[in-house]
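So the structure is just underneath, and the comments pick up after that.
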Amino acid sequence: MRKNLPVTDNETVMRPDQYLISKTDKKGRIIYANPAFVEVSGFSYEELIGQPHNLVRHPDMPPQAFGDLWQTLKSGEPWLGMVKNRRKDGGFYWVQASVAPIVEHGEVTGYASVRVKPSEAQIRDAESFYARINAGRSGGHIIHRGRKTETGWRRLLSRLAAPFRPTLGASLFRLMGGFLLLAGAAWHLGQKQAPEAAPGIWLALLLGLPAAGLCLYGWRTARRILKPLDDIASIARQISAGNLAVDIRTNASNEMQQLYFYLDIMRKSLMDISGNVNAGVDSTVRTAAGLNQSNAQLERRTHEQAESIRQTVASMEQFTAAVGRNTDNALHANRLADTCMQTAQRGKDAMTELIATMQGIRESSGKVGEIIGMIESIAFQTNILALNAAVESARAGDAGKGFAVVAGEVRSLAHKSSQAAKEIKTLIDESVDRISQGADQARATDQTMQDIMQSVESTSRVMDQISSASVEQSSGLAQIRGAIEYMDAGIGENRRLVQELGTAAKHLSEDSLKLKRTIEVLAARKAYPEKVSAHAAVANKPSSARRLQTASPGI
């Protein structure tokens, strides 16, 4: 027997509203497990499906319990008993398990197990009983059909007390027993009368025949009541196991027919409900899948928008920084333009003063020319006087020789003065010409300076406009950035909502899948199965159930 280890003393207590349902195939492999079973066992749905059901078997369970389980199931009867199962983490949980074969067309197709929460007293009794069995001290008790049953003389007493139990079968048995006793008493009374005592014989016949008839009638009535009840119980077990494909049909024409009829109505109603629920679940699953797909696309687009917004914010920050730098540069250029304009104004003023100075120099040069002309005139007159003095000195003879020398020197000096005056005049004329040219250039430079000042002034105005525009752009960019940040916050909120929607869609899909798995416990074909006798469906034991199976149906 499989022994699952390790184990711990951690107990998981089932809730009263939990019903653990599972199905296995004929080889004991799990083909269905409801969400409650998944939750309590600690295994995932994927870990359970396809695995042998003894995956949850606890080592404390005695092998005799599983032997009794198979002995009961091979007879086609359900098994009801206490079971201690092992969780995935090594812990344990107690259940009261009901295991029944699923029969379709007289053949066992699998096994269904339904488990409920047991009481504390049931757990204590089962724990103590199973411990004694494992220790070899069962105390004259065995497990029979999942229940603690006496052996030996205790079992004999139990069977002798069976007719006195408060069951319908025992009541009918007591009734037929009473009729038999009455018939026996009548027969005995007839035998004790003399042969010629006709009244005694007639009395015996009068009492015995009705008693025998009533006994036969009671026996047939018991068969008409107990056999349909047994059939109905078997059908109910199939339906409780989720086998809605079982058909219900009987030849009974009494009140039992109504019970069969309404049981069949219940089965068909469950089939219709399960079909509608399954269709709704399929639609919900498709809707959830579409919602998941749409949500994934929305999340991807939202992420792309958020990324674009972040890139836009980064670009806007760079653009804002560039505009800020442009504003600073424009202000700096404006200051430089003001400085340049002031410098140009000073240059213009200096050029105006230069022009005025050159004009004064020109005027002074004119006066110098006049003075040079006067010097030339004086030199000319001095030369004339020197010539006259030379003539007079020649007339004077020797007395005038000294005067003649002086006159020659004066004439030579006058000649040099005249030559120097001419050279000075030439230089002054050249200076005047150059001064005139410089004045013209100064006036041209002054005009250029005026043009520069106008350009600088225009540049300053443009810089003012650029600076104002940059300030406005900075303000506009700040507003745009605020709007983008608001959009980014909105997109962030959208992403949060998308994530919540995705989580909700995921939960919807998971819940739909759980609901689909839950409704799958109701095994029903698309169309109603071919009508067969209810007696044949439940009374005839399946041939496959007559053999001891080697696979575990799972408890």
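Anchor point for the sequence shown: position 531 equals 1984 in the numbering used here, and the numbering is continuous, going up by one each time.
Here a beta-carbon is modelled for each residue, glycine too, at the ideal position from N, C-alpha and C.
Predicted model, so just to flag it, every value in this text is computed and none were measured.
| query | result |
| --- | --- |
| List the DSSP bridge partners of Trp1532. | Val1552 |
| What do you reckon, are the CB atoms on Thr1773 and Arg1934 nearer than 8 Å? | yes |
| Please state the DSSP three-state secondary structure of Arg1568. | strand |
| Where does Thr1780 sit, in a helix, a strand or coil, going by DSSP? | helix |
| Nearest-angstrom Cα distance between Met1916 and Ile1937? | 30 Å |
| Any contact of the region 1789-1801 with the region 1855-1873, i.e. 3+ C-beta pairs under 8 Å? | no |
| Looking at Thr1461 and Thr1543, is the spacing between their C-beta atoms short of 8 Å? | Note that residue 1543 is Gly in the sequence shown, not Thr. Yes. |
| Can you round the beta-carbon distance between Met1467 and Tyr1546 to whole angstroms, since I take them to be within the 8 Å contact cut? | 6 Å |
| In the DSSP output, which residue or residues are listed as bridge partners for Tyr1546? | Asn1538 |
| Please list the terminal residues of the continuous beta strand (DSSP E) segment that includes Ser1475. | Leu1473 to Thr1477 |
| By the 10 Å Cβ neighbour count, where 16 or more other Cβ atoms means buried, how is Met1514 classified, buried or exposed? | buried |
| Does the region 1893-1905 come into contact with the region 1752-1771, if we say contact requires no fewer than three beta-carbon pairs (one atom in each stretch) closer than 8 Å? | no |
| With burial defined as no fewer than 16 other Cβ atoms inside 10 Å of the residue's Cβ, what is the status of Pro1469: buried or exposed? | exposed |
| Enumerate in chain order the residues of its own chain whose CB-to-CB distance from Ile1595 is below 6 Å, with the five nearest sequence positions on each side excluded. | Thr1602 and Thr1604 |
| Starting from Glu1492, trace the alpha helix (DSSP H) in both directions and tell me its first and last residue. | Pro1488 to Ser1494 |
| Kindly indicate which three-state DSSP category Asn1836 falls into: helix, strand or coil? | helix |
| Let me make sure I understand the geometry here. Which of Ala1574, Gln1471 and Ala1486 has the alpha-carbon closest to that of Lys1967? | Ala1486 |
| Is it true that the region 1870-1885 meets the region 1740-1748, where meeting means three or more beta-carbon pairs spaced less than 8 Å apart? | no |
| Which residues does DSSP list as the beta-bridge partners of Val1434? | Residue 1434 is absent from the structure shown; the chain starts at 1454 and stops at 2008. |
| Is Asp1683 near Ile1701, with beta carbons less than 8 Å apart? | no |
| Determine the extent of the alpha helix (DSSP H) in which Arg1577 is found, giving its start and end residues. | Glu1573 to Asn1587 |
| Just grab the DSSP bridge partners of Thr1796 for me. | Partner(s): none; Thr1796 has no beta bridge. |
| Where do the N-terminal and C-terminal ends of the alpha helix (DSSP H) with Thr1525 fall, by residue? | Pro1516 to Lys1527 |
| Mind checking who Thr1602 pairs with in its DSSP beta bridge? | Ile1595 |
| Comparing the C-beta of Glu1876 with each C-beta of chain E, is any distance below 8 Å? | In the displayed structure, chain E is absent; only one protein chain is listed. |
| Find the nearest neighbour of Ser1908 within the set Ala1790, His1960, Ala1843 and Phe1833, judged by alpha-carbon distance. | Ala1790 |
| Near Glu1910, what residues of its chain come up, given a Cβ to Cβ distance below 7 Å and the 5 sequence neighbours on each side ignored? | Met1794 |
| In angstroms with no decimal places, state the Cα-to-Cα distance between Val1821 and Val1859. | 30 Å |
| Which residues in the same chain have their Cβ closer than 8 Å to the Cβ of Gly1592, if we skip the five residues on either side of it in sequence? | Arg1585 |
| Straight-line CA distance for Val1491 to Leu1961? | 18 Å |
| Are there 16 or more other CB atoms within 10 angstroms of the CB of Ala1849, so buried, or fewer, so exposed? | exposed |
| Measure the C-alpha to C-alpha separation of Ala1977 and His1756 and round it to an integer number of angstroms. | Confidence at Ala1977 is low in this model, with a pLDDT of 48, below 50, so its placement is unreliable and the value that follows should be read with caution. Between Ala1977 and His1756, the C-alpha separation is close to 46 Å. |
| Can you look up Ile1828 in the DSSP assignment and give me helix, strand or coil? | helix |
| When DSSP labels each residue in this structure, what does Arg1763 get in the three-state scheme? | helix |
| From Leu1784 to Ile1808, what distance separates their C-alpha atoms? | 35 Å |
| Could you tell me the boundaries of the alpha helix (DSSP H) in which Glu1499 lies? | Tyr1498 to Leu1501 |
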